[in-house]
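S.K.:
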Amino acid sequence: MSILSLAQLPVTDLKGVGAALEQKLQKLDIQNLQDLLFHLPSRYQDRTRVIPIGSLRPGDEGVIEGEVKGTDIAMGRRRSMVCRLQDGTGTITLRFFHFSAAQKNNLKSGVRIRCFGEVRTGASGLEIYHPEYRRVDESVISPVEESLTPIYPTTEGVNQARLRMLTEAALGYLEAGSLTELIPEPLRQQWRLPPLNDAVKYLHRPPVEADQEQLLDGLHPAQRRLAFEELLAHHLSLQKLRNRTRQQGAPLLTSTGQYCQPFLEQLPFPLTGAQQRVAAEISADLSQPYPMLRLVQGDVGSGKTVVAALAALQAVEGGFQAAVMAPTEILAEQHYINFSTWLEPLGLKVAWLAGKLKGKKRQAQLEMIADGSAQIVVGTHALFQDEVSFANLGLVVVDEQHRFGVHQRLALREKGRQDKRSPHQLIMTATPIPRTLTMSAYADLDCSVIDELPPGRTPVNTVVISDQRRAEVVQRVQDACHQGRQVYWVCTLIEESEALQCQAAEVTAEELREALSELRIGLIHGRMKPAEKAEIMASYKAAELDLLVATTVIEVGVDVPNASVMIIENPERLGLAQLHQLRGRVGRGSVESFCLLMYHAPLSQQGRERLAVMRETTDGFRIAEKDLELRGPGEVLGTRQTGMMSFKVADLQRDADLLTRVKQVAGQVAEDVELTDAIIQRWLGRDEQYATV
Ligand code: ADP
Ligand code: MG
Numbered sequence: 013m014s015i016l017s018l019a020q021l022p023v024t025d026l027k028g029v030g031a032a033l034e035q036k037l038q039k040l041d042i043q044n045l046q047d048l049l050f051h052l053p054s055r056y057q058d059r060t061r062v063i064p065i066g067s068l069r070p071g072d073e074g075v076i077e078g079e080v081k082g083t084d085i086a087m088g089r090r091r092s093m094v095c096r097l098q099d100g101t102g103t104i105t106l107r108f109f110h111f112s113a114a115q116k117n118n119l120k121s122g123v124r125i126r127c128f129g130e131v132r133t134g135a136s137g138l139e140i141y142h143p144e145y146r147r148v149d150e151s152v153i154s155p156v157e158e159s160l161t162p163i164y165p166t167t168e169g170v171n172q173a174r175l176r177m178l179t180e181a182a183l184g185y186l187e188a189g190s191l192t193e194l195i196p197e198p199l200r201q202q203w204r205l206p207p208l209n210d211a212v213k214y215l216h217r218p219p220v221e222a223d224q225e226q227l228l229d230g231l232h233p234a235q236r237r238l239a240f241e242e243l244l245a246h247h248l249s250l251q252k253l254r255n256r257t258r259q260q261g262a263p264l265l266t267s268t269g270q271y272c273q274p275f276l277e278q279l280p281f282p283l284t285g286a287q288q289r290v291a292a293e294i295s296a297d298l299s300q301p302y303p304m305l306r307l308v309q310g311d312v313g314s315g316k317t318v319v320a321a322l323a324a325l326q327a328v329e330g331g332f333q334a335a336v337m338a339p340t341e342i343l344a345e346q347h348y349i350n351f352s353t354w355l356e357p358l359g360l361k362v363a364w365l366a367g368k369l370k371g372k373k374r375q376a377q378l379e380m381i382a383d384g385s386a387q388i389v390v391g392t393h394a395l396f397q398d399e400v401s402f403a404n405l406g407l408v409v410v411d412e413q414h415r416f417g418v419h420q421r422l423a424l425r426e427k428g429r430q431d432k433r434s435p436h437q438l439i440m441t442a443t444p445i446p447r448t449l450t451m452s453a454y455a456d457l458d459c460s461v462i463d464e465l466p467p468g469r470t471p472v473n474t475v476v477i478s479d480q481r482r483a484e485v486v487q488r489v490q491d492a493c494h495q496g497r498q499v500y501w502v503c504t505l506i507e508e509s510e511a512l513q514c515q516a517a518e519v520t521a522e523e524l525r526e527a528l529s530e531l532r533i534g535l536i537h538g539r540m541k542p543a544e545k546a547e548i549m550a551s552y553k554a555a556e557l558d559l560l561v562a563t564t565v566i567e568v569g570v571d572v573p574n575a576s577v578m579i580i581e582n583p584e585r586l587g588l589a590q591l592h593q594l595r596g597r598v599g600r601g602s603v604e605s606f607c608l609l610m611y612h613a614p615l616s617q618q619g620r621e622r623l624a625v626m627r628e629t630t631d632g633f634r635i636a637e638k639d640l641e642l643r644g645p646g647e648v649l650g651t652r653q654t655g656m657m658s659f660k661v662a663d664l665q666r667d668a669d670l671l672t673r674v675k676q677v678a679g680q681v682a683e684d685v686e687l688t689d690a691i692i693q694r695w696l697g698r699d700e701q702y703a704t705v
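Going by this note's numbering, the sequence shown opens with residue 13, and the numbers climb by one from there.
Now the structure itself:
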């Protein structure tokens, strides 16, 4: 198949495009003619007819034509030039805040002009501010546009007129048929997808009768056609990545039960059904000769750690090491404590590595890892530095990977690779990921869900309360502590600045110490040294503190079963997923737990809606779906994760219904390597290397 494509023709092939313009176009991610054609208008203007002035309403945008009835300077709050324009049906005011004497002269009474602009209600009734205008001659009929006028996303130095000219030229090439149709005809028929060339042409120059509303919503079949192909390209690219990993060998980790059995017997509880199911899925993966890539989603408190431990033990049974990585020192340390308490009685050695570990101690751990005397290694990112070499790494467990970017996730696969063999990889996350996103951003992973909480948990009672009732809240905290409960008080700030957040937490801690002088109050925030944080967390865990004032650093994973009340200040500023994570810190024991969402009045409509979701459900998946609906995938996944998720045309949420079809078509074309590569190349082109780090 030949794909002499427009992608091979640089924009500089167009008349009038030199190095300077080429550079500016790069800012719009436009390097070649195909890029130019995939740079779609964000909206359209209708300049296809002249509208009678008398029929205009505020908000209308369009072409009008009439005779100037006088132009004056109006004083008022801001000096402006006011021009009255009249046609046979009515009058309207054109207002200019920036104008020259020459302009005023040109707009003399009796002059005929044609204008384009948006109608609004101004000081003199209907007005248009700064319309585009030009003089017309009454004796000649000036032509109107034949198609809707595209409005493109622009950048400095590249205006609409220029983009229109460039796309016009690129569309000329299209006539020659050089934008190759990549979706095979029978599939296009089957899924009713219009031909690519038609779709592109339509979107750049829609006919007069086009449904503008549908276009604006991105729901036109032509837009869907492009979105479909783009989603397909992403899907195929992830599939390719996954196939490539599959072709790598992996250590065979056969389960013997040698360690898993005694481990399960010594646990003070039986596994839940969901834990058993997921553990079995992992166990089956580990005994395959290619690397496992599995994402385990389980709500906070669903017991992911035990499942990870079982996987690690199977690696050890198979004669390999397992590494367990957490995103923060607090979490890594908690895992270290769990794993060593569980596993050392079985005769296993657990090594520990974090940034704060220095000197001889660090050296000792590094040696245990390198010579294989430690079978399990727990730590932070420190585990993946060059100085760390594993004797024989068979499994990598990444906990709470939402804190790690897609990039890191992919890079990790390379670490620990030996003789073309890659370690198995297990990723655990407490942030439920809506199905739409697992089908796209995570299409390279298998997914398991721990959809059941251990028995005996009472769901957290969530109360939404205004901060005008702060005194009552403080009273409630006092009562709870007197009953022997422990309380979290979480401070948030709208500013991203960590410094300000920490400052707010300090102030709050001070205030609470004054108000509740008999309580033991601790403070933890992101600017404290890791050792300091660990110490505070440890004393809270040991119930030496009644109340812990914190920033959102406690969000992930920290487990203190006796903590049963949480106050969250300004919850309206946090994403739902984050609130859900925070709330998951309570409700881990058997006493009834409370979460007080203390908002700052007044709440916006959306704010009210969001907090209502928190009050109504503790189901992480429902919350995640709602979050996606309210905030979009970029926010839900975290910006660092969207590297692979920047789409030119598609919108994960709007086009979610296409994903099932995309998956089917991906299966139908997968055999054809050349075609698959062409589709990926067209949409990911320059970005594909990124996906294969
Ligand atoms: P998460 O999924 O949030 O990481 P953890 O693994 O930290 O959850 O488990 C939360 C708590 O539940 C821990 O104290 C753990 O010992 C306990 N736990 C885990 N599995 C069970 C179970 N099957 N029955 C009872 N308690 C369990
Ligand atoms: Mg956990």
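Think of the CB as a built atom: it goes at the ideal place given N, C-alpha and C, for glycine as much as any other residue.
Whose C-alpha, out of 686, 337, 145 and 263, is nearest the C-alpha of residue 303?
M.R.: For this step, residue 303 is matched to residue 291 along the sequence shown. Here the closest residue by C-alpha is 263.
S.K.: State whether the stretch 210–226 contacts the stretch 626–633, with contact taken as three or more CB pairs (one from each stretch) at a distance under 8 Å.
M.R.: Not touching, per the Cβ criterion.
S.K.: Using DSSP bridges, identify the partner residues of residue 103.
M.R.: Residue 103 sits at position 91 when you count from the first residue of the sequence shown. 98.
S.K.: In chain order, what are the residue ranges of uninterrupted beta strand (DSSP E) at least 3 long that sit wholly in the stretch 487–553?
M.R.: Runs of the beta strand (DSSP E) inside the stretch 487–553: 498–502 and 533–536.
S.K.: With a 10 Å radius around its C-beta and 16 neighbouring C-beta atoms as the bar for buried, classify residue 474 as buried or exposed.
M.R.: Position 462 of the sequence shown, counting from 1, holds the residue named residue 474. When all chains shown are included, residue 474 counts as buried.
S.K.: Beta-carbon within less than 7 Å of residue 383's beta-carbon, same chain only, minus the 5 sequence neighbours each way: which residues are those?
M.R.: Translated into the one-based positions of the sequence shown, residue 383 becomes position 371. Only 403 meet the Cβ criterion.
S.K.: What does a CB cutoff of less than 7 Å around residue 55 pick up in its chain, not counting 5 residues either side in sequence?
M.R.: Here the question's residue 55 lines up with position 43 in the sequence shown. Once the five neighbours on either side are set aside, the close Cβ partners of residue 55 are 163 and 228.
S.K.: Note down the Cα distance separating residue 63 from residue 72, rounded to an integer number of angstroms.
M.R.: If you number the sequence shown from 1, residue 63 lands on position 51. If you number the sequence shown from 1, residue 72 lands on position 60. Each residue's Cα considered, the two are about 10 Å apart.
S.K.: Please tell me whether, using a cut-off of 7 Å, the distance from the CB of residue 229 to the nearest non-hydrogen atom of the ligand MG is below it.
M.R.: Along the sequence shown, read from residue 1 onward, the residue named residue 229 stands at position 217. Because no heavy atom of the ligand MG lies under 7 Å away, the Cβ of residue 229 does not count as near it: no.
S.K.: To the nearest whole angstrom, what separates the beta carbons of residue 633 and residue 444, a pair I think is in contact under 8 Å?
M.R.: Walking along the sequence shown from the start, residue 633 turns up at place 621. Walking along the sequence shown from the start, residue 444 turns up at place 432. About 4 Å separates the two Cβ atoms, so the contact holds.
S.K.: List in chain order: all unbroken alpha helix (DSSP H) runs of 4+ residues lying wholly within the stretch 231–267.
M.R.: The qualifying runs are 233–259.
S.K.: Below 8 Å, can you find three or more Cβ-Cβ pairs linking the stretch 272–282 to the stretch 331–350?
M.R.: These segments do not touch.
S.K.: I need the DSSP call for residue 203, collapsed to helix, strand or coil.
M.R.: The residue you call residue 203 lines up with position 191 of the sequence shown. Coil, per DSSP.
S.K.: Is the beta carbon of residue 442 within less than 7 Å of some heavy atom of the ligand MG?
M.R.: Taking the sequence shown and counting its residues from 1, one reaches residue 442 at position 430. Yes, the beta carbon of residue 442 sits closer than 7 Å to at least one heavy atom of the ligand MG.
S.K.: Please go through the stretch 167–195 and give each complete beta strand (DSSP E) segment of 3 or more residues, from N-terminal end onward.
M.R.: Qualifying beta strand (DSSP E) stretches: none in this window.
S.K.: Just how far apart, CA to CA, sit residue 147 and residue 31?
M.R.: To locate residue 147, count along the sequence shown from 1; it is residue 135. To locate residue 31, count along the sequence shown from 1; it is residue 19. Cα-Cα distance, rounded: 35 Å.
S.K.: Looking at residue 234 and residue 206, is the spacing between their C-beta atoms short of 8 Å?
M.R.: Locating residue 206 in the sequence shown gives position 194, where the first residue counts as 1. Locating residue 234 in the sequence shown gives position 222, where the first residue counts as 1. Cβ atoms of residue 206 and residue 234: closer than 8 Å.
S.K.: For a test of your reading of the model: does the CB of residue 316 fall under 7 Å from any non-hydrogen atom of the ligand NAP? Yes or no.
M.R.: Although the ligand NAP was asked about, the structure shown includes only the ligand ADP and the ligand MG as ligands.
S.K.: Give a single yes or no on whether residue 311 has its beta carbon closer than 7 Å to a heavy atom of the ligand MG.
M.R.: Numbered from its first residue, the sequence shown carries residue 311 at position 299. The answer is no for residue 311.
S.K.: So for residue 23, helix, strand or coil by DSSP?
M.R.: On the sequence shown, residue 23 is found 11 positions in, with the first residue counted as 1. Reduced to three states, the DSSP call for residue 23 is helix.
S.K.: Select from 60, 294, 200 and 642 the residue whose C-alpha is nearest the C-alpha of residue 460.
M.R.: Residue mapping note: residue 460 aligns to position 448 of the sequence shown, counting from 1. That would be 294, whose Cα lies nearest to the Cα of residue 460.
S.K.: Out of curiosity, what's the CA-to-CA distance linking residue 237 and residue 676?
M.R.: Start at 1 with the first residue of the sequence shown, and residue 237 comes out as number 225. Start at 1 with the first residue of the sequence shown, and residue 676 comes out as number 664. The alpha-carbon atoms of residue 237 and residue 676 are separated by roughly 15 Å.
S.K.: Any heavy atom of the ligand ADP within a distance shorter than 7 Å of the CB on residue 306?
M.R.: Looking up residue 306 in the sequence shown gives position 294. Every heavy atom of the ligand ADP is 7 Å or more from the Cβ of residue 306, so no.
S.K.: I need the DSSP call for residue 139, collapsed to helix, strand or coil.
M.R.: To locate residue 139, count along the sequence shown from 1; it is residue 127. Here residue 139 sits in strand by DSSP.
S.K.: Leaving aside the five residues before and after residue 170 along the sequence, list all residues of the same chain whose C-beta is less than 6 Å from its C-beta, in chain order.
M.R.: Counting from one through the sequence shown, the residue named residue 170 turns up at place 158. Excluding positions up to five away in sequence, the list reads 36.
S.K.: Here's the rule: buried if 16 or more other CB atoms are within 10 angstroms of the residue's CB, otherwise exposed. What is residue 435?
M.R.: Here residue 435 is taken as the residue at index 423 of the sequence shown, counted from 1. By the 10 Å Cβ count, residue 435 comes out buried.
S.K.: I'd like to know whether the C-beta atoms of residue 81 and residue 106 end up nearer to each other than 8 Å.
M.R.: Numbered from its first residue, the sequence shown carries residue 81 at position 69. Numbered from its first residue, the sequence shown carries residue 106 at position 94. Going by C-beta atoms, residue 81 is not nearer than 8 Å to residue 106.
S.K.: Is residue 463 near the ligand MG, in the sense that its beta carbon is under 7 Å from a heavy atom of that ligand?
M.R.: The residue you call residue 463 lines up with position 451 of the sequence shown. For the ligand MG, not one heavy atom lies less than 7 Å from the Cβ of residue 463.
S.K.: With distances taken Cα to Cα, identify the nearest neighbour of residue 605 among 673, 678 and 492.
M.R.: As a first step, residue 605 must be located in the sequence shown, where it is residue number 593. Residue 605 has its Cα closest to that of 492, out of 673, 678 and 492.
S.K.: Return the chain-ordered list of same chain residues with a C-beta closer than 8 Å to the C-beta of residue 351, the five sequence neighbours on each side being excluded.
M.R.: Locating residue 351 in the sequence shown gives position 339, counting from the first residue. Only 321, 324, 336, 362, 388 and 390 meet the Cβ criterion.
S.K.: For residue 69 versus residue 131, is the C-beta distance shorter than 8 Å?
M.R.: Taking the first residue of the sequence shown as 1, we reach residue 69 at position 57. Taking the first residue of the sequence shown as 1, we reach residue 131 at position 119. Cβ distance < 8 Å, so residue 69 and residue 131 count as in contact.
S.K.: Quick check: is any heavy atom of the ligand ADP less than 7 Å from the C-beta of residue 202?
M.R.: Along the sequence shown, read from residue 1 onward, the residue named residue 202 stands at position 190. Checking every heavy atom of the ligand ADP against the Cβ of residue 202, none is found closer than 7 Å.
S.K.: Using 10 angstroms around the beta-carbon of residue 541, count the other beta-carbons present and answer buried if the total reaches 16, otherwise exposed.
M.R.: In the sequence shown, residue 541 corresponds to position 529, counting from 1. Result: exposed.
S.K.: Closest to residue 292 by CA distance: which of 326, 271 and 488 is it?
M.R.: Translated into the one-based positions of the sequence shown, residue 292 becomes position 280. Of the candidates 326, 271 and 488, the one whose C-alpha sits nearest the C-alpha of residue 292 is 326.
S.K.: Give the DSSP-derived three-state secondary structure of residue 227 in the structure shown.
M.R.: Here residue 227 is taken as the residue at index 215 of the sequence shown, counted from 1. Residue state, collapsed to three classes: helix.
S.K.: From the DSSP output, which residues share a beta bridge with residue 309?
M.R.: Against the sequence shown, residue 309 aligns to sequence position 297. Bridge partners of residue 309: 441 and 461.
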